Amino acid sequence: MTKKEEILKILSAKLRKILEASNLDFELLQELRIRIMGPFIVIYDGEEYFISERGGLEKRAELAYTIMQGDIKETLEYISSFSLYAYEDEIRQGFITVQGGHRIGLAGKVILEQGRVKSVKHISFINIRMSHEKKGCGQNILPYIYEDSRICHTLIISPPGCGKTTMLRDIVRLLSNGYKDHPGVSVGVIDERSEIGACYMGVPQNDIGMRTDVLDCCPKADGMLMMIRSMSPAVIAVDEIGKREDIEAIAYVMNCGCQMLATVHGASIEDIKNKPILRKLVEEKLFKRFVVLSGGKKPGEIENIFDERGSVLYDKKCVFG
Amino acid sequence: MVFFCKITGSLFILGAAGYFAYNLNQMLEKRNRELRKLYSILLQLKSEIQYMCSTLPECFRKLAKYEKEPFGIWLSVMAQRMEEKEKVSFADIWREELTHLYEESALGTEDIEPLKELSDKLGSMDITAQLKAIDYALLHIERNRSLLEEEMKQKKKVVVTLSLFCGFMTLILLL
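Taken in sequence, the protein lines are chains A and B.
Numbered according to the working numbering, the first sequence spans residues 1 to 321.
Numbered according to the working numbering, the second sequence spans residues 1 to 175.
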């Protein structure tokens, strides 16, 4: 199934018709924003556009098609395969991952139980983020990840939507298949949100390499320990760490002789240092490489690469003058 | 010759009356069998939702593999239409396919009615409400089946007696 089919299949009949009429290149499509009684918005090739009822890309909101309640209801039915109950845990976290690894963010009225999020009802806001498999985008980072043919613990830092997961996926693929003189190693992926491998019925939809094992929809902290015990990987990859238990599991993995490959939200190393839970990662020099991605319009662009002492190994400004 | 024709005709009439009685009994038996099957399908659906958290198309596809007609077709068409995601809501698909099931099976309207009520519940976010709705449908089906089994004992005798009586009456009238 092509990316276009994957996306059209989860949209309501009306939105499907509009997108079909728009003749968009789905490889350049980044996001679809669906808000009740709001304009239909797309993020296309780094720019925000409003889509008119006839499928035209407009810069003025008043020309856009207004999303109706029926569009949201129908879209939700398709996203969840008519089975919202099956995605209860995902909805509690605020998103569902669909076939192809596309992430569907959901927002509405939150239901609390003893102060914790139990569920979300009256879902009125949907954000569809396209998964982009960009083979080769990790090649520029790999020479910095290897140190004397040994893989270093690496943390990729970037703001949301700047290509962390895409970058991580490609690095996993390259490490797993082998890169230049470096032989391939077994990689264990803890894919909590099904975004890295985008497994559908157990089969990874993305190319994540021939020596990669995936624990799909598994909480990161539990998954890392399970993976070590069961699959003895040389490298463990996780996306978007942030909880205290994630950090504890990472420390455990590193002490087991496994190499760690992780991503985290942030704009710089300073951002990470300012977060109480994540500060330990930098201060205790758990990671040997910090890759900071640019927050600009070009996803996957490397801003800096640092080592554990904070020495700059790569700087975009120096490279481009 | 006339006597022979009368005897042959009488035998035909008696045979037809017997066959009619047999057919009616078979229909009752078939409805009973289908109610049992429907009960087991709903139980399996409930456990798939409760323990496996499978989506409805997955549940229907899985159940369809093990079911014979008319339920096999009903379940696989449900799964197929839901996977196609072609401009319909679950409630519409469910109601339409229940109508087809009613036409293809020996089930009565009173057996289909509790299933129709599931159209608003199945697939919703609240898993507890869904399971309770399935339990409610199961209760109705089980009650219908108990009633049918009680009625069957009487109905079978009545049908056979009435059919044969009608046959004999026709014979007497004709002879």
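We treat Cβ as the ideally placed atom computed from N, Cα and C, and that holds for glycine.
Model, not experiment: these values are computed from the prediction.
State the Cα-Cα distance for the pair K220/A and S40/B, rounded to the nearest angstrom. Within the first sequence, residue 220/A is the residue found at index 220, counting from 1. Within the second sequence, residue 40/B is the residue found at index 40, counting from 1. Cα to Cα, K220/A sits roughly 38 Å from S40/B.
Closest Cα partner of G123/B within the set L164/B, A21/B, F90/B: Mapped onto the second sequence, residue 123/B falls at position 123. It is F90/B whose Cα lies nearest to the Cα of G123/B.
Can you list, in chain order, the residues of its chain with a C-beta nearer than 7 Å to that of D331/A? Leave out the 5 residues immediately preceding and following it. The requested residue 331/A does not occur in the structure, where chain A is confined to residues 1 to 321.
How far does the beta strand (DSSP E) with G314/A in it reach, from first residue to last? Numbered from its first residue, the first sequence carries residue 314/A at position 314. Checking the sequence shown, residue 314/A turns out to be Tyr, not Gly. Per DSSP, Y314/A belongs to the beta strand (DSSP E) from 312 to 315.
Which whole runs of the beta strand (DSSP E) in the stretch 101 to 163 of chain A are 3 residues long or more, in chain order? If one requires a minimum length of 3 residues, the beta strand (DSSP E) runs lying completely within the stretch 101 to 163 of chain A are 103 to 113, 116 to 129, 154 to 158, in chain order.
Cα-Cα separation between K9/A and I104/A, rounded to whole angstroms: For the purposes of this step, residue 9/A is identified with residue 9 of the first sequence, where counting begins at 1. For the purposes of this step, residue 104/A is identified with residue 104 of the first sequence, where counting begins at 1. Those two C-alpha atoms are separated by around 13 Å.
Could you check what DSSP says for E301/A in three-state terms: helix, strand or coil? For the purposes of this step, residue 301/A is taken as residue 301 along the first sequence, with counting starting at 1. If DSSP states are grouped into helix, strand and coil, E301/A belongs with coil.
Contacts of A86/A in chain B (Cβ-Cβ under 7 Å): Looking up residue 86/A in the first sequence gives position 86. Near A86/A (Cβ distances below 7 Å), the residues of chain B are C53, S54, T55.
Let me see if you follow: with CB-CB separation under 8 Å, is K26/B close to chain A or not? Locating residue 26/B in the second sequence gives position 26, counting from the first residue. According to the sequence provided, residue 26/B is Gln. The question's Lys does not apply to it. No, no contact with chain A.
Using a C-beta cutoff of 8 Å, does S124/B count as contacting chain A? As a working mapping, residue 124/B is identified with position 124 in the second sequence. Output row for S124/B: interface = yes.
Since I believe G295/A is in contact with P267/A (beta carbons under 8 Å), could you give me their beta-carbon distance rounded to a whole number of angstroms? Mapped onto the first sequence, residue 267/A falls at position 267. Mapped onto the first sequence, residue 295/A falls at position 295. It is worth fixing the name first, because residue 267/A is Ala in this sequence and not Pro. A267/A to G295/A, Cβ: 6 Å. Contact.
Bounding residues of the beta strand (DSSP E) (the contiguous stretch that carries L28/A): By one-based count along the first sequence, residue 28/A stands at place 28. It is not in any beta strand (DSSP E) - L28/A carries neither H nor E in the DSSP assignment.
Buried or exposed: F255/B, going by 16 or more other Cβ atoms within 10 Å of its Cβ? Residue 255/B is absent from the model: chain B starts at 1 and stops at 175.
Which residues of the stretch 125 to 140 of chain B have a Cβ closer than 8 Å to any Cβ of chain A? Give them in chain order. Answer set for the stretch 125 to 140 of chain B: M125, D126, I127, Q130.
In angstroms with no decimal places, state the Cα-to-Cα distance between S131/A and D45/A. Here residue 131/A refers to the residue found at position 131 of the first sequence. Here residue 45/A refers to the residue found at position 45 of the first sequence. When rounded, the distance between both Cα atoms is 14 Å.
Please report whether the beta-carbon of E77/A lies at a distance below 8 Å from any beta-carbon of chain B. Locating residue 77/A in the first sequence gives position 77, counting from the first residue. So, interface residue.
Residue-level contact to chain B via CB, F82/A, 8 Å cutoff: Counting from one through the first sequence, the residue named residue 82/A turns up at place 82. The beta carbon of F82/A sits closer than 8 Å to some beta carbon of chain B.
For C5/B, count neighbouring Cβ atoms within 10 angstroms of its own Cβ and tell me buried if that reaches 16, exposed if not. Numbered from 1 along the second sequence, position 5 holds the residue referred to as residue 5/B. Here C5/B is exposed, its C-beta having fewer than 16 other C-beta atoms within 10 Å.
From E240/A to H265/A, what does the alpha carbon distance come to, in whole angstroms? Walking along the first sequence from the start, residue 240/A turns up at place 240. Walking along the first sequence from the start, residue 265/A turns up at place 265. In a straight line, the C-alpha of E240/A is about 7 Å away from that of H265/A.
What's the C-alpha gap between L107/B and A17/B? Numbered from its first residue, the second sequence carries residue 107/B at position 107. Numbered from its first residue, the second sequence carries residue 17/B at position 17. Using only the alpha carbons, I get a separation of about 24 Å.
Tell me, please, whether the CB atom of M169/B is closer than 8 Å to any CB atom in chain A? Indexing the second sequence from 1 puts residue 169/B at position 169. Taking a beta-carbon distance threshold of 8 Å, M169/B does not count as an interface residue toward chain A.
Roughly how many angstroms separate the alpha carbons of K73/A and A21/A, rounded to a whole number? Position 73 of the first sequence, counting from 1, holds the residue named residue 73/A. Position 21 of the first sequence, counting from 1, holds the residue named residue 21/A. Using only the alpha carbons, I get a separation of about 22 Å.
Buried or exposed for L112/A, please, with buried defined as at least 16 other CB atoms from any protein chain shown within 10 angstroms of its CB. Residue 112/A sits at position 112 when you count from the first residue of the first sequence. Exposed is the call here.
Regarding S311/A and the ligand COA, is the C-beta to nearest heavy atom distance less than 7 Å? Inclusion of the ligand COA in the displayed structure is not the case, the ligand content being empty and no account of it being possible.
Kindly list, in the order they appear in chain A, the residues whose Cβ is closer than 9 Å to that of S89/B. To locate residue 89/B, count along the second sequence from 1; it is residue 89. Neighbours of S89/B across chain A, judged by C-beta separation under 9 Å: K73, E74, E77, F82.
Which first and last residues belong to the alpha helix (DSSP H) in which A221/A is found? Here residue 221/A refers to the residue found at position 221 when the first sequence is read from its first residue. For A221/A, the enclosing alpha helix (DSSP H) has its first and last residue at 220 to 231.
Would you grab the beta carbon distance between C258/A and I236/A for me? Rounded to a whole angstrom, and I think it's under 8 Å. Working through the first sequence from its first residue, we reach residue 258/A at position 258. Working through the first sequence from its first residue, we reach residue 236/A at position 236. C258/A to I236/A, Cβ: 5 Å. Contact.
Pick out whichever of S119/A, E47/A, P143/A, M37/A has its Cα sitting closest to the Cα of E31/A. Taking the first sequence and counting its residues from 1, one reaches residue 31/A at position 31. Residue E47/A is the option with its Cα nearest to E31/A.
Contact check, L75/B vs F60/B, beta carbons under 8 Å: Locating residue 75/B in the second sequence gives position 75, where the first residue counts as 1. Locating residue 60/B in the second sequence gives position 60, where the first residue counts as 1. For L75/B and F60/B, yes; Cβs fall inside 8 Å.
S124/A at chain B interface by Cβ criterion, 8 Å: The count along the first sequence starts at 1 and reaches residue 124/A at position 124. Residue-level contact check: S124/A does not touch chain B, since none of the beta carbons of chain B fall below 8 Å from its beta carbon.
If you follow the beta strand (DSSP E) that L278/A is in, where does it begin and where does it stop? As a working note, residue 278/A is residue 278 in the first sequence. Neither: L278/A is in no beta strand (DSSP E) and is coded neither H nor E.
Compare the Cα-Cα distances from V120/A to each of Y87/A, Y144/A, G101/A and report the closest residue. Counting from 1 along the first sequence, the entry for residue 120/A is found at position 120. Answer by Cα proximity: Y87/A.
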